[in-house]
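Novice: Dropping a structure here in structure tokens format, bear with me for questions.
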């Protein structure tokens, strides 16, 4: 199975022209140009070209029933399931599929075989005995089986026995009615089976027992069904109506109601019809369908319509964009400029002439000269008198009067390459060329502006007039503004060194510039420039045109598609009221455009008509869209699945999620994953990470696999997220956990055993050594006693040192901790407790200025002051460095504060002249009080926060922590 890319079928998949019904139908069909289509056959991986049934399971996969087994589709490739032990199918031919509410898949085959796929795998079901055309599982778990000759079979469960509901009929299709009953389409008419038994709807409708091939019940309770003699609607008043006159003689095989309220009808020999707002549209082999015999219809979660035929699979999807190109009648595919006229016409300038789009029809405009040379058009501009000015590549300026093109003599043009034209409010005409800007006044006089007159460059690409009447000139080197006859250059160096100015949009108080460094805004009030580009979150920075729609958005054109941003957010970032990143939507081929290359370098490079439709010139035709119709057509959220987990060529079953265990010494762990987005699978991007190895995301691009080698023993979690390119905020995650087992010597129990063995060996050695000492006990007794006495003295000294700070002779931190445990927390003691944490301010500065010896003297003096200030039932200690701590037991908070305040003043007023001249010392104190001081660590953190508060607010102060 080959991974599928955009194929020539899809490139040709835009439906370019209006098709008409052929004999025996005579009604005219509206076009399907708003739909894209793509096709698949056995060459693309399908097991067979006859697609008997289509469905989609809860996990996101699409399933197709064929004569050569089932095919599961993930957007890239088809996975086959044929008869055998794994699938439970007794024959490869599969006719029927049904995805139930439990996420399971029920499949029926040509020999009456049944199988059920659920989360744990395949479960064979007792065969029905006859060829199965259709299956259904009702909300109660009941199984309905429509056979070719046995009739309608019911089973209360997967394991139950057959119960014949309707005998001696051939059942073609089963669907659920609104009340939970089952609609049964048979060779003898339409029946409804349920609580009221079997109801013959065909008889109620007054129809003969003719074959009905498919039926659905609409939300209003009406029945819609079709067969050999057309499609019919049966209302609540038991009245029968023809769905559409053009369908009366059609042989209807399948019916689908999509979520837009449109109805689709598959036929036995004439393709598909769509009924939308009483307008019938036809799609058959002439318009791209692989075969006119329709076997199945299905709408997936992304609103695509899947059509199964005898010749392969076709998908239709309503696209946001419509393309107008040479196949639809445009003069040429390469379009430089488009312009919406007040008349409602859209004129497009192509490399092969001028075209007019009116009411979805295209007319190519002829010149009034005998010259057969094709006219390559670069620029357009509306004329106040009607029609348009037309700038060409090498033939100067033309006039379009609405019908024909005529040359406009302009001998003063410095060159015949005209890339921008403007007729301003003063009725002056401006012609931007590659050799300067020509102005023609109403009286016929002209003036040429070049770099000698102040233009930044002679290569003029864009022109615009602001609300003040000034003319803006965009060129390949920068921008200039013409006020009367005076030219003023605007420096764009601060805007990421922007140079090319491709287009303008005047927004009242501002002028927006499309440049090669992003979108630049110039505010008239203060002449301030602001940038919306890569630093603000846009992935690219070269834009050709900026145009607003009627919904509050800017559309930016580029060689990499169309970018839509919020106008309000753009202004907020430009004003400094927001910092970004700018939110954007990207539109390209997946949205119906033939190419992402939207042309620029001449004007206008985008236009909007009276209905709010936007039109863009591209390298493959004109692309148009109405923003009101684009919402919701592209679904960025889709399931992401990990399809395969392979460890050293051993594949693990992912049917039941759990934590997998891999053997010690596993060399390679491989994951195959996919995002189940079918609209544009090749535009899905992936990021992965392996928690336990590295928590950072790794960009995988479009790669759908990840390998890890020589993983250390431990617990890991592999995570993959899938998203459409430039839509990373809309991520879709999947994950799997696993453990790599250690070798026996890497196990914790073994390592603990070795440690214990080593400890036992050391103990044994010690015991042996002790025995030796005991043998020498008598001889060394006196010496031992003397050494013991010396050791006791030394231990006593160590005991004092262990609890006393040698410099300040205060208790140390260990002694304070013991006091806390023995005195404050002792049984029967009062729970009232206060803690004061004291720090000498700028002590490092004292050391650096007066030497560390002076610092030691300061520590001793301050320690003595603290000791003198500490009450009898308190406890003072040096906490570390220049910090001290005092514990108060059974003291009221206000008295604690008084003691600390007195201490602070005493030290501040103390004369340290004996240490160093002009030396003053201050302290900062953080206090915490508690009536329930069982959590000393918590109190200590609060005291530390209080001390930090004092330091942050100037030091030489006291702060009491409060909740």
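Numbering (the numbering used here), first residue to last: 106 to 1068.
All C-beta atoms, glycine included, are put in the ideal place defined by N, C-alpha and C.
Treat the numbers as computed from the prediction; the structure is a model and nothing was measured.
1. By alpha-carbon positions, which one of 534, 531, 533, 454 ends up nearest to residue 495?
2. Jot down the residue ranges of each uninterrupted beta strand (DSSP E) in the region 254-314, minimum 3 residues, whole runs only, in chain order.
3. In chain order, which continuous runs of the alpha helix (DSSP H) of length 4 or greater are located wholly inside the region 846-883?
4. On the criterion of 16 or more Cβ atoms from any shown chain inside 10 Å, does residue 872 qualify as buried, or is it exposed?
5. Taking the straight line between their C-alpha atoms, what separation do you get for residue 928 and residue 813?
6. Measuring alpha carbon to alpha carbon, tell me which residue in 1013, 818, 946 is nearest residue 851.
7. Please return the same chain residues whose Cβ sits closer than 6 Å to the Cβ of residue 355, not counting the five positions on each side in sequence.
8. Where do the ends of the beta strand (DSSP E) carrying residue 568 lie?
9. Counting only runs that start and end within the region 314-369, where is the beta strand (DSSP E) found for 3 or more residues in a row?
10. Looking at the structure shown, is residue 412 part of a helix, part of a strand, or coil, going by DSSP?
11. Are there three or more Cβ pairs, one per stretch, closer than 8 Å when the region 136-156 is compared with the region 416-432?
12. Could you tell me which residues DSSP puts in a beta bridge with residue 984?
13. Counting along the chain, where does the beta strand (DSSP E) carrying residue 618 start and finish?
14. Does residue 1054 come out as helix, strand or coil in the three-state DSSP assignment?
15. Does the count of Cβ pairs from the region 422-438 and the region 719-726 closer than 8 Å reach three?
16. Which residues bound the beta strand (DSSP E) around residue 812?
17. How big is the Cα-Cα spacing for residue 450 and residue 703?
18. According to DSSP, simplified to helix, strand and coil, what is residue 722?
19. Drop a sphere of 10 angstroms on the beta-carbon of residue 996, count the other beta-carbons inside from all chains shown, and report buried for 16 or more, exposed for fewer.
20. Given 8 Å as the limit, is there contact between the region 277-288 and the region 261-268, that is, 3 or more CB pairs closer than that?
21. My understanding is that residue 979 touches residue 989, with C-beta atoms under 8 Å, so please give their C-beta distance in whole angstroms.
22. Quick one: grab the DSSP three-state call for residue 823.
23. Quick one, are the C-beta atoms of residue 200 and residue 208 less than 8 Å apart?
24. Check each candidate in 409, 368, 375, 797 and name the one with the smallest Cα separation from residue 382.
25. Kindly confirm or deny that the region 779-797 and the region 759-768 touch, where touching means at least three C-beta pairs closer than 8 Å.
26. With the cut-off set at 8 Å, would you say residue 581 and residue 609 are in Cβ contact?
27. From what residue to what residue does the alpha helix (DSSP H) around residue 971 run?
28. Go through its chain and collect everything with a Cβ distance to residue 333's Cβ below 7 Å, but skip five positions before and after it.
29. Count the other C-beta atoms from every protein chain shown that fall within 10 angstroms of the C-beta of residue 573, then say buried if there are 16 or more, exposed otherwise.
30. Assuming residue 912 and residue 1048 form a contact by the criterion Cβ under 8 Å, report the distance between their Cβ atoms to the nearest whole angstrom.
31. Taking 8 Å as the threshold, find out whether the region 591-602 comes into contact with the region 552-564 through three or more Cβ pairs.
32. Give the straight-line distance between the Cα atoms of residue 955 and residue 962, rounded to the nearest whole angstrom.
33. Let me know if residue 289 comes out buried or exposed under the rule of 16 or more other beta-carbons within 10 Å of its beta-carbon.
34. If you follow the alpha helix (DSSP H) that residue 523 is in, where does it begin and where does it stop?
35. When you compare only the Cα positions, how much space is there between residue 774 and residue 783?
36. Considering only residues of the same chain and omitting the five flanking positions on each side of residue 579, which have a CB-CB separation below 6 Å?
Specialist: Concretely, from the data shown:
1. Mapped onto the chain shown, residue 495 falls at position 390. Ranking the options by Cα distance to residue 495, first place goes to 454.
2. Fully enclosed beta strand (DSSP E) runs of 3 or longer: 257-260, 268-271, 276-281, 287-291, 294-299, 302-305.
3. Complete alpha helix (DSSP H) runs here, min 4: 853-880.
4. Taking the chain shown and counting its residues from 1, the one referred to as residue 872 is at position 767. In summary, residue 872 is exposed, with fewer than 16 beta-carbon neighbours lying within 10 Å of its beta-carbon over all protein chains present.
5. Your numbering for residue 928 matches position 823 in the chain shown. Your numbering for residue 813 matches position 708 in the chain shown. So the alpha carbons of these two residues sit roughly 58 Å apart.
6. Here the question's residue 851 lines up with position 746 in the chain shown. Shortest Cα-Cα distance from residue 851 to any of 1013, 818, 946 involves 818.
7. Taking the first residue of the chain shown as position 1, residue 355 is located at position 250. Taking residue 355 as the centre and dropping the five residues before and after it, the same chain places the C-beta of 335, 372 closer than 6 Å to its C-beta, in chain order.
8. As a working mapping, residue 568 is identified with position 463 in the chain shown. Here the beta strand (DSSP E) through residue 568 covers 565-570.
9. DSSP runs (the beta strand (DSSP E)) wholly in the region 314-369: 317-322, 328-332, 335-339, 345-347, 357-362.
10. Against the chain shown, residue 412 aligns to sequence position 307. Assignment of residue 412 by DSSP, reduced to helix, strand and coil, places it in the strand class.
11. Touching, yes.
12. Residue mapping note: residue 984 aligns to position 879 of the chain shown, counting from 1. Answer is none; residue 984 lacks a bridge partner.
13. On the chain shown, position 513 is the one that residue 618 refers to. Where residue 618 is concerned, the enclosing beta strand (DSSP E) starts and stops at 615-620.
14. If you number the chain shown from 1, residue 1054 lands on position 949. Correct three-state label for residue 1054: helix.
15. As far as the Cβ criterion goes, the region 422-438 touches the region 719-726, which means the pair count is three or higher.
16. Translated into positions along the chain shown, residue 812 becomes position 707. Note, residue 812: beta strand (DSSP E), 810-814.
17. Here the question's residue 450 lines up with position 345 in the chain shown. Here the question's residue 703 lines up with position 598 in the chain shown. Whole-angstrom Cα-Cα distance: 21 Å.
18. As a working mapping, residue 722 is identified with position 617 in the chain shown. Under the three-state reduction of DSSP output, residue 722 falls in the strand class.
19. Within the chain shown, the letter at position 891 stands for residue 996. The residue is buried, with at least 16 neighbouring Cβ atoms inside 10 Å.
20. The region 277-288, when compared against the region 261-268, does not touch it at the 8 Å Cβ threshold.
21. Residue mapping note: residue 979 aligns to position 874 of the chain shown, counting from 1. Residue mapping note: residue 989 aligns to position 884 of the chain shown, counting from 1. Under the criterion of beta carbons closer than 8 Å, residue 979 and residue 989 do not qualify as touching, at roughly 12 Å.
22. In the chain shown, counting from the first residue as 1, residue 823 sits at position 718. It is a strand residue.
23. Indexing the chain shown from 1 puts residue 200 at position 95. Indexing the chain shown from 1 puts residue 208 at position 103. Against a cut-off of 8 Å, the Cβ pair of residue 208 and residue 200 comes out as no contact.
24. Translated into the one-based positions of the chain shown, residue 382 becomes position 277. Distances from the CA of residue 382 to each of 409, 368, 375, 797 were compared; the closest alpha carbon is that of 368.
25. No contact exists between the region 779-797 and the region 759-768.
26. Counting from 1 along the chain shown, the entry for residue 581 is found at position 476. Counting from 1 along the chain shown, the entry for residue 609 is found at position 504. Not in contact: residue 581 and residue 609 (Cβ atoms no closer than 8 Å).
27. Residue mapping note: residue 971 aligns to position 866 of the chain shown, counting from 1. According to the DSSP assignment, residue 971 belongs to the alpha helix (DSSP H) that extends over 948-974.
28. Here residue 333 corresponds to residue number 228 of the chain shown, with the count starting at 1. Answer for residue 333: 315, 316, 356, listed in chain order.
29. To locate residue 573, count along the chain shown from 1; it is residue 468. Exposed, because fewer than 16 other Cβ atoms sit within 10 Å of the Cβ of residue 573.
30. For the purposes of this step, residue 912 is taken as residue 807 along the chain shown, with counting starting at 1. For the purposes of this step, residue 1048 is taken as residue 943 along the chain shown, with counting starting at 1. A Cβ-Cβ separation of about 23 Å leaves residue 912 out of contact with residue 1048 under the 8 Å criterion.
31. Below 8 Å, enough C-beta pairs join the region 591-602 and the region 552-564 to call them touching: three or more.
32. The residue given as residue 955 occupies position 850 in the chain shown. The residue given as residue 962 occupies position 857 in the chain shown. Between the alpha carbons of residue 955 and residue 962 lies a gap of roughly 11 Å.
33. Stepping through the chain shown from its first residue, residue 289 is reached at position 184. With 16 or more neighbouring CB atoms inside 10 Å of its own CB, residue 289 falls in the buried class.
34. Your numbering for residue 523 matches position 418 in the chain shown. From DSSP, residue 523 is part of no alpha helix (DSSP H) but of the beta strand (DSSP E) over 523-528.
35. In the chain shown, counting from the first residue as 1, residue 774 sits at position 669. In the chain shown, counting from the first residue as 1, residue 783 sits at position 678. Their backbone Cα atoms lie some 28 Å apart in a straight line.
36. Along the chain shown, read from residue 1 onward, the residue named residue 579 stands at position 474. Taken in chain order, the residues that qualify are 566, 567, 606.
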